[in-house]
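Here's the structure we're looking at; comments come further down.
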Amino acid sequence: MITLKGIYKIYGDTGNEVIALNNINLSIESGEYVSIMGASGSGKSSLMHIMGLLDKPTQGEYVLDGVNTIDIKEKELSSVRNKYIGFVFQAFNLLPRTTVIDNVILPLVYRGENKDIAEKKALEILKKLGIDKRAYFKTNQISGGQQQRVAIARALAQEPTLILADEPTGNVDSKTTLEIIKILQDLNDEGHSIVIVTHEDDIGDRAKRKIRLKDGLLIEDKIIRQNRV
Amino acid sequence: MNFKDLIFTSMHSLNINFGRTVLSALGIIIGIASVIALISVGQGAQSKITQNIQNLGSNLIIVTSGNAKVGNVKQGIGTANTLNQNDVIALQSRNNTPDVIAVSPVISKSGQLIYQGQNAVTLIEGVTPIAQSVNDITMAKGSFITEPDVKDSLPVIVLGPTVSEELFPNSNPIGKLVTIGNTFFTVIGVTQSKGSAGGGAYNQDNQVAVPISTAQNELFGNVGYSTIILQASSANVMNQATSEVENTLMRVQGITNINQANFNITNQTQILTTLNTITGTFTLLLGGIAGISLIVGGIGIMNIMLVSVTERTREIGLRKAIGAKNSDILYQFLVEAILITVIGGLIGVIIGIFIDYIVATYIIKVPFIISSLAIILSITVSITIGLIFGIFPAYKASRLSPIEALRYE
Ligand SMILES: Nc1ncnc2c1ncn2[C@@H]1O[C@H](COP(=O)(O)OP(=O)(O)O)[C@@H](O)[C@H]1O
Ligand SMILES: [Mg+2]
Chain A
13 MITLKGIYKI YGDTGNEVIA LNNINLSIES GEYVSIMGAS GSGKSSLMHI MGLLDKPTQG
73 EYVLDGVNTI DIKEKELSSV RNKYIGFVFQ AFNLLPRTTV IDNVILPLVY RGENKDIAEK
133 KALEILKKLG IDKRAYFKTN QISGGQQQRV AIARALAQEP TLILADEPTG NVDSKTTLEI
193 IKILQDLNDE GHSIVIVTHE DDIGDRAKRK IRLKDGLLIE DKIIRQNRV
Chain B
19 MNFKDLIFTS MHSLNINFGR TVLSALGIII GIASVIALIS VGQGAQSKIT QNIQNLGSNL
79 IIVTSGNAKV GNVKQGIGTA NTLNQNDVIA LQSRNNTPDV IAVSPVISKS GQLIYQGQNA
139 VTLIEGVTPI AQSVNDITMA KGSFITEPDV KDSLPVIVLG PTVSEELFPN SNPIGKLVTI
199 GNTFFTVIGV TQSKGSAGGG AYNQDNQVAV PISTAQNELF GNVGYSTIIL QASSANVMNQ
259 ATSEVENTLM RVQGITNINQ ANFNITNQTQ ILTTLNTITG TFTLLLGGIA GISLIVGGIG
319 IMNIMLVSVT ERTREIGLRK AIGAKNSDIL YQFLVEAILI TVIGGLIGVI IGIFIDYIVA
379 TYIIKVPFII SSLAIILSIT VSITIGLIFG IFPAYKASRL SPIEALRYE
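Protein chains in written order, with our numbering: chain A, 13 to 241; chain B, 19 to 427.
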């Protein structure tokens, strides 16, 4: 489904360059649940941004669903992201003072989908995630755990090829962390492909495959026994 | 994103940042309100002046006496009463001026009327009976100056309604004695109001009339006439009648070149044109000054929008990450700017009309005119300002890179 070949990401000018990703080769198939581990500064977010088409590699090839991403025009990147990638961020990144449902349908609105149909779909997803009762609350009126579930609902509404979660449990307590992990596990059981970035081992172990970065180098890539919730 | 959703999104953003929206609209509200108020009041004043001049009578030609000479230097027009009875007789002859139907000589000067300690400063006009028809005067009470009044230089006076109201607020003025200088005048009539406003020769409500001979003998000394007002037989012959008057006066005074004349001829049409040009220019000037405040308002919007783009960097990054195109962000911010200016413009129009109403009705007392041209113009201008000053912040927002924006704290 996605293939990274000889990916480099180099920040800064010659002289004081930072090699954030150093020759990464990686391929992820549909239905996988992968965790990307590594210390702070090891290059996890850089890799995420490239996989999420938010940034371009300095060198290397990235093929997404059979399309070489180098061929995607700058203007089309937004629609490609909208179609293929669902993001879940550490900081939730919801629109403030806006209702839960309006946040969930946002990617669909940008896609030009009919609002009524989009809302119906969003309500179903919110119900599945157990927060349909908060659908018409403003995002600043609900808890952190609920906010992260809204963010997951927003990603799901896109029906993306891949869900990318960057430290999704970084801003919530341990009880809520477990709930979020359970949701991701359930989604993977249903067939969704998930890549989760984390620096915590016990969260990384919830995945089925574990990848470890160190100073931009891929130092570990193995199938693990999933520690299910 | 379709158009409806775009408008909805922009309205929502403006609504959740209500305070900032109001602040950015303020400049436009003030700018539009002042443009509307100034132009509308200006047009009201213009229509009032037109009305005053039309109230003077119809198809009038006005001969003003010329310049006094001090040494060899000409003074301003009307500084000497150089017109006299010979001029009037010549102008009355049908042979000389076939298109003129009435000749009304006038001596005028401002002066003070006193009645039982009350006083009124007003324009005193020495006239002949024909002034009543020439100046289209109807009487509210009593009668106008008559032939015998003039013949015998009787001390009688006709009051304009404003003067009458000032001196006799609660009583009938007819038969009462008022003094001008040392002379007593008997009030014989009060004219009907013409609804004129302002001061000077064009406000017939704030004037008094006495027999022209009485004015010469008792008030101003035996001087010539300050003005001769002539009435042409119809609007079509105004120009012809005007040149008949000019030729007659030049012949009587024995001059061949109009530049040597010590009188000045004008007619109602010319006065109207001149005054309309002056007030029109003045209105435009005021409107233009107010227009500058609109530009300042636009810059204010740009400032606040730029701050807003910085504040909303994360929001923009998120929108882009989940599928907003550069153009979606550009349009969102542009529509926000235009909505601010359009809504601000509409509020400004309402406030401007309100100010116009207050100023026109209660302060300078001119007709309350809503200038539709000014309204259309200012709405167009506000949309344009929204576009011009919104485009830079909107462009800046649309070019933000999603990762930089998401990283922004
Ligand atoms: N925009 C940038 N400009 C310069 N250096 C960067 C930038 N983004 C990340 N880096 C550097 O690249 C390295 C990897 O960063 P990152 O991918 O954020 O790591 P992680 O998410 O694992 O903490 C770090 O040394 C970081 O300082
Ligand atoms: Mg990171």
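In this text, a Cβ means the ideal position worked out from N, Cα and C, and glycines have one as well.
Here the structure is a predicted model, which means the values were calculated and not measured.
How is residue i classed by DSSP in three states: helix, strand or coil?
{"i": "B:T379", "result": "helix"}
{"i": "B:G129", "result": "strand"}
{"i": "B:G207", "result": "strand"}
{"i": "B:I148", "result": "coil"}
{"i": "B:A227", "result": "strand"}
{"i": "B:P123", "result": "strand"}
{"i": "A:T26", "result": "coil"}
{"i": "B:M157", "result": "strand"}
{"i": "B:G404", "result": "helix"}
{"i": "B:V181", "result": "helix"}
{"i": "A:G72", "result": "strand"}
{"i": "B:F26", "result": "helix"}
{"i": "B:S31", "result": "helix"}
{"i": "A:L38", "result": "strand"}
{"i": "B:S21", "result": "Before going further, note that residue 21 of chain B is Phe rather than Ser in the sequence given. Looking at B:F21 - three-state DSSP - the assignment turns out to be helix."}
{"i": "B:S416", "result": "helix"}
{"i": "B:L395", "result": "helix"}
{"i": "A:V79", "result": "strand"}
{"i": "B:L237", "result": "helix"}
{"i": "B:N137", "result": "strand"}
{"i": "B:F410", "result": "helix"}
State the start and end residues of the unbroken beta strand (DSSP E) segment that holds residue i.
{"i": "A:K85", "result": "Careful: A:K85 lies outside any beta strand (DSSP E) and carries neither H nor E."}
{"i": "A:G18", "result": "14–23"}
{"i": "A:M49", "result": "45–49"}
{"i": "B:T197", "result": "195–198"}
{"i": "A:R224", "result": "221–226"}
{"i": "A:K234", "result": "229–235"}
{"i": "A:I192", "result": "Counting along the chain, A:I192 falls outside any beta strand (DSSP E), though it belongs to the alpha helix (DSSP H) covering 186–201."}
{"i": "A:L59", "result": "Careful: A:L59 lies outside any beta strand (DSSP E), inside the alpha helix (DSSP H) at 56–63."}
{"i": "B:I192", "result": "Per DSSP, B:I192 belongs to no beta strand (DSSP E) and is neither H nor E."}
{"i": "A:S9", "result": "With chain A represented from 13 up to 241, any question about residue 9 of chain A goes unanswered, as that position is not in the structure."}
Taking the C-alpha atoms as reference points, what is the distance between residue i and residue j?
{"i": "B:I119", "j": "B:G305", "result": "43 Å"}
{"i": "A:Q197", "j": "A:R221", "result": "13 Å"}
{"i": "A:R93", "j": "B:V327", "result": "23 Å"}
{"i": "B:K194", "j": "B:T204", "result": "6 Å"}
{"i": "B:S171", "j": "B:A392", "result": "54 Å"}
{"i": "B:Q234", "j": "B:I192", "result": "23 Å"}
{"i": "A:K85", "j": "B:N344", "result": "13 Å"}
{"i": "B:N77", "j": "B:N190", "result": "34 Å"}
{"i": "B:G62", "j": "B:A378", "result": "7 Å"}
{"i": "A:S52", "j": "A:Y20", "result": "18 Å"}
{"i": "A:I117", "j": "A:T151", "result": "14 Å"}
{"i": "B:Q134", "j": "B:S182", "result": "13 Å"}
{"i": "B:L185", "j": "B:N137", "result": "7 Å"}
{"i": "B:I322", "j": "B:R38", "result": "8 Å"}
{"i": "B:R330", "j": "A:T181", "result": "24 Å"}
{"i": "B:D117", "j": "B:I57", "result": "40 Å"}
{"i": "B:G298", "j": "A:Y122", "result": "51 Å"}
{"i": "B:E236", "j": "B:Q278", "result": "32 Å"}
{"i": "B:I79", "j": "B:R269", "result": "18 Å"}
{"i": "A:V46", "j": "B:L348", "result": "36 Å"}
Against chain C, does residue i count as a neighbour if the rule is that its beta carbon must be under 9 Å from one of theirs?
{"i": "B:R332", "result": "Considering every chain present, this structure includes no chain C. Its protein chains are A and B."}
How far does the alpha helix (DSSP H) with residue i in it reach, from first residue to last?
{"i": "B:I421", "result": "420–425"}
{"i": "B:E165", "result": "165–169"}
{"i": "B:S109", "result": "According to the sequence shown, residue 109 of chain B is Leu rather than Ser. 103–110 is the span of the alpha helix (DSSP H), which, as asked, contains B:L109."}
{"i": "B:Q64", "result": "36–73"}
{"i": "B:I79", "result": "That residue, B:I79, is in no alpha helix (DSSP H); its beta strand (DSSP E) goes 78–83."}
{"i": "A:D213", "result": "213–216"}
Ligand 4 and residue i: does any heavy atom of the ligand fall closer than 8 Å to the residue's C-beta?
{"i": "A:D198", "result": "As far as ligands go, the structure on display features ligand 1 and ligand 2 and does not contain ligand 4."}
Practice problem: Please list the segments of the beta strand (DSSP E) lying wholly inside the stretch 243–330 of chain B, counting only runs of 3 or more residues, in order along the chain. | Solution: Runs of the beta strand (DSSP E) inside the stretch 243–330 of chain B: 245–250, 281–285.
Exercise. Within the stretch 99–180 of chain A, note down every full alpha helix (DSSP H) run reaching 4 residues or more, in order along the chain.
Key: Inside the stretch 99–180 of chain A, DSSP marks whole alpha helix (DSSP H) runs of 4 or more residues at positions 112–123, 127–140, 156–169, from first to last along the chain.
Quiz prompt | ligand 1 site residues, beta-carbon cut 6 Å against heavy atoms | solution = Chain order is used for the residues whose beta-carbon lies nearer than 6 Å to a heavy atom of ligand 1, namely A:Y23, A:G24, A:V30, A:A32, A:G50, A:S52, A:G53, A:S54, A:G55, A:K56, A:S57, A:S58.
Exercise. Just list the alpha helix (DSSP H) runs in the stretch 331–392 of chain B, keeping only unbroken ones of 4 residues or longer that don't cross its boundaries, in chain order.
Key: You should have 331–339, 344–376.
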